[in-house]
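Heads up: the sequence shown runs through residues 1 to 686, numbered per full-length UniProt numbering. Here a beta-carbon is modelled for each residue, glycine too, at the ideal position from N, C-alpha and C.
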Amino acid sequence: MTKRKNKNLTGNGGETHQTAGDDLEVMTTQVGMPISDDQNTLKIATRGPHLLEDQVFREKLFHFDHERIPERVVHARGYGAHGTFELTESLSDLSRADIFQRVGEKTDVFVRFSTVAGNKGSPDLARDVRGFAVKFYTKEGNWDLVGNNIPVFFIQDAIKFPDLIHAAKQEPDRGFPQAQTAHDNFWDFISLMPEAMHMVMWIMSDRTIPRSFRFMEGFGVHTFRLVNAKGKSSFVKFHWKPKQGMQSVLWDEAVKINGADPDFHRRDLWDAIQMGNYPQWDLGVQVFDEDFADAFPFDVLDATKLIPEEAVPVRIVGTMTLNRMVDNFFAETEQVAFQTGNIVPGIDHSNDPLLQGRNFSYLDTQLKRLGSPNFNHIPINAAKCPFAHLQQDGHMAMYNPVGRANYEPNSHGLGPREDPERGFRSYETEEAGPKQRVRSESFADHYSQARQFYLSQTDIEQSHIVDALVFELSKVDAEAIRARVVSHLRNIDADLAEAVADDLGMEKLPEPATPAKSPIDTDPSPALSILANAPESFAGRKLGVLLTDGIDAKLFDALKEAAEAAGAIVEVVAEKVGGVTSNRRRKIPADQKLDGAPSVLYDAVAIIASKEGAEKLSGMHVAKTFLADAHAHMKFIALSAAAQEEFWNAAVYAEPDEGVHMIEGADDAGSFLSACGKLRFWERDA
Ligand code: HDE
């Protein structure tokens, strides 16, 4: 690239702008012509009309005008990162997939997490399913496991997907509400689709308000096939288990986080990876055969059903580590194109009617979004293994066949040829029957697993489901829709239906909906609860420490040390971003100004205040809400003596409970941090 001597240019008003110096590249047009002035358009005299010949201006504006591509029709808001997948257990007995053969081998991956319904600029803490899409760059082609953080789906047949999404997104006449299901159209459609009831339980649970991408599970949802070298097939469901443990926020927090930091999940992943705190997930498989599938009370091809882990344990086969952020958000996260059709030899589709439909949709949508059948030429989508085919031309073709023969067979002895041994072969199932539009009878049970999910939750989680249903249905204007939802809840659980009806102020319970098939009782599955499987670790979590002037800095140092020893991240919050001055005149810089950092941004909080500082906090609304919210959200709280004596009562009406720790030195700080491992002091809720 051309370098040149520093020479300042002046723009309008004689203002000096930074320009290419000794170590900056010379700015050029797209085709390399050096630019002399990037501040002024070409015009007649100093105030005259512009000239159409100004190729520098025209190229710049032309490109700017075309910067946007259509956002994804679903999963528009997402955030991606690079990493590796390491195999820890060989699956060679079950699958010939190259990625599953050699223990210890690493495969590059790119992951994109997303929300479903919101537009690209919507807030991260919308109550919504999260996409969990993983692209494995294997040695035998890209394998895309395009999953969600919930193991089941709303609908059974892909033909209903456009209706589902139309109903969930903003209503077409008014253009709102966005990024939320709390509106008439969504609940109207859902309540007319009883098959959605299992998923409704999941979306009304805390699964849809995760604390961060790092703390959620992922699922391939559908039943897939594994096929081994001998051609034997097994069924499989894929799971991602976060090594960090699962964690969600409370709804009141979610609402407030959306205001305080709409990029909360993005920032969390960015910060974690930049700090070297790499998130990890284990990949697990539930493998089962045709006999199990035949005996299982639900159809394994029905994506509204799961297979409880207690029935088929999840076998861990590898670990994914996310360790590198993208260089450019648009080039990678926005342009990445996932495709359920991207599978590799040894992995195959099943006949799940949702999966079959997806295999059409994902390829099709990329043409609209990325504008060319050559979207796999974009580096983030290109395979990292050798590839060779005779597809050519089209918009933006980057890789083209070399040589004379662009067809096969040919007698030039040129070009790639298929390989019946190495190549992908579909598993040869026997299929026969009349051509018809039907839904299998085996898909008819819509309530049993909804009930199983609800009954597998802890009391706290069940109460959150009730609250979420009441919140959402309270935003629904049509009483008939509210009643229709409750009529379904009656088939799921009598107490649930009554609690929701009561909190909605319904005078009488509607009749239960008539089920297509009567629900059955199944054993609860403890694996479905977040709280029953809580990690008991504060590692990777965030402690917000509110400081005032005049404090004893040693107490802060002890707390910080204890937090860091627990693997937590400490952020200092103060009235001024410049920080505070201790009683011995030590300056402690702040990371956040108090009114920009409410306690909802933290997993636990500490308030270290001097007597004067605590008195001052007592008169500040933002300080009082900082503490009152932390208390209301069941967080662990640490207080210095003055914070407890001079500030607590100004913010909280209740007396401090066992979730509130008085800290005077290193020992107290240590025991506070170990208590924080429980993540919430749920007893306060009682
Ligand atoms: Fe998707 N889905 N989907 N979906 N989906 C898309 O593809 C679709 C479904 C999922 O980060 C689209 O590239 C149909 C289930 C994720 O880029 C589109 C049906 C699951 C992502 C599409 C489903 C998913 C998408 C939009 C019903 C979990 C984001 C943009 C048959 C197993 C991928 C795009 C990313 C994206 C279609 C149902 C997960 C339109 C037709 C079930 C994680 O092709």
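Near residue i, what residues of its chain come up, given a Cβ to Cβ distance below 7 Å and the 5 sequence neighbours on each side ignored?
| i | result |
| --- | --- |
| residue 380 | 110, 331, 332, 335, 336 |
| residue 692 | The displayed coordinates of the chain run from 1 to 686. Any statement about residue 692 would go beyond what the structure contains. |
| residue 59 | 29, 30 |
| residue 369 | 69, 70, 72 |
| residue 129 | 116, 148, 149, 150, 203, 208 |
Helix, strand or coil for residue i? Go by DSSP, reduced to three states.
| i | result |
| --- | --- |
| residue 34 | strand |
| residue 604 | strand |
| residue 208 | helix |
| residue 625 | helix |
| residue 197 | helix |
| residue 419 | coil |
| residue 276 | coil |
| residue 671 | helix |
| residue 363 | helix |
| residue 384 | coil |
| residue 352 | coil |
| residue 571 | strand |
| residue 304 | coil |
| residue 576 | coil |
| residue 203 | helix |
| residue 189 | helix |
| residue 586 | coil |
| residue 242 | strand |
| residue 333 | helix |
| residue 296 | coil |
| residue 108 | strand |
| residue 593 | strand |
| residue 233 | strand |
| residue 630 | helix |
Please classify residue i: is it buried, with 16 or more other beta-carbons within 10 angstroms of its beta-carbon, or exposed?
| i | result |
| --- | --- |
| residue 676 | buried |
| residue 66 | exposed |
| residue 174 | exposed |
| residue 674 | exposed |
| residue 440 | exposed |
| residue 456 | buried |
| residue 404 | exposed |
| residue 13 | With a pLDDT of 40 at residue 13, under the threshold of 50, the modelled position of that residue is not reliable, and the figure given next carries that caveat. Classification for residue 13: exposed. |
| residue 62 | exposed |
| residue 197 | buried |
| residue 366 | buried |
| residue 518 | exposed |
| residue 396 | exposed |
| residue 602 | buried |
| residue 81 | buried |
| residue 428 | exposed |
| residue 497 | buried |
| residue 594 | buried |
| residue 199 | buried |
| residue 39 | exposed |
| residue 192 | exposed |
| residue 64 | exposed |
| residue 661 | buried |
| residue 84 | buried |
| residue 342 | buried |
Please find out if some non-hydrogen atom of the ligand NAD comes closer than 6 Å to the beta-carbon of residue i.
| i | result |
| --- | --- |
| residue 357 | Of the ligands one can find in the structure shown, namely the ligand HDE, none is the ligand NAD. |
Sorted by chain position, which residues of the same chain lie with C-beta nearer than 6 Å to residue i's C-beta, five sequence neighbours on each side aside?
| i | result |
| --- | --- |
| residue 589 | 579 |
| residue 476 | 184, 187, 482 |
| residue 254 | 125, 209 |
| residue 566 | 538, 673 |
| residue 313 | none |
| residue 344 | 97, 138, 140, 141, 143 |
Quick one: residues in its chain with C-beta nearer than 8 Å to the C-beta of residue i, no 5 flanking neighbours on either side, listed in chain order?
| i | result |
| --- | --- |
| residue 458 | 529, 531, 532 |
| residue 42 | 50, 51, 53, 54, 56, 57 |
| residue 586 | 553 |
| residue 560 | 545, 570 |
Measure from the C-beta of residue i to each C-beta in chain C and report whether the shortest distance is under 7 Å.
| i | result |
| --- | --- |
| residue 147 | Reference to chain C is not applicable here, since this structure consists of a single protein chain. |
Item checked: Continuous beta strand (DSSP E) assignments of at least 3 residues falling wholly in the stretch 522 to 563 -> Contiguous beta strand (DSSP E) elements confined to the stretch 522 to 563 occur at 542 to 547, taking only those with 3 or more residues.
Next item on the list: Let me know the alpha helix (DSSP H) ranges lying completely inside the stretch 21 to 102, each 4 residues or longer, listed in chain order.
Entry: Runs of alpha helix (DSSP H) with 4 or more residues, each lying fully within the stretch 21 to 102, are found at 55 to 65, listed in chain order.
Notebook entry, point to check: What runs of the alpha helix (DSSP H), each 4 residues or longer, lie entirely inside the stretch 404 to 483?
Noted result: Correct list: 448 to 455, 459 to 474.
Checklist line | Minimum length 4: unbroken alpha helix (DSSP H) runs contained in the stretch 478 to 515 | finding: If we require 4 residues or more, the alpha helix (DSSP H) runs fully inside the stretch 478 to 515 come out as 479 to 492, 494 to 503.
Next item on the list: Within the stretch 113 to 170, note down every full alpha helix (DSSP H) run reaching 4 residues or more, in order along the chain.
Entry: Taking 4 residues as the minimum length, the alpha helix (DSSP H) runs contained wholly in the stretch 113 to 170 are 161 to 168, in order along the chain.
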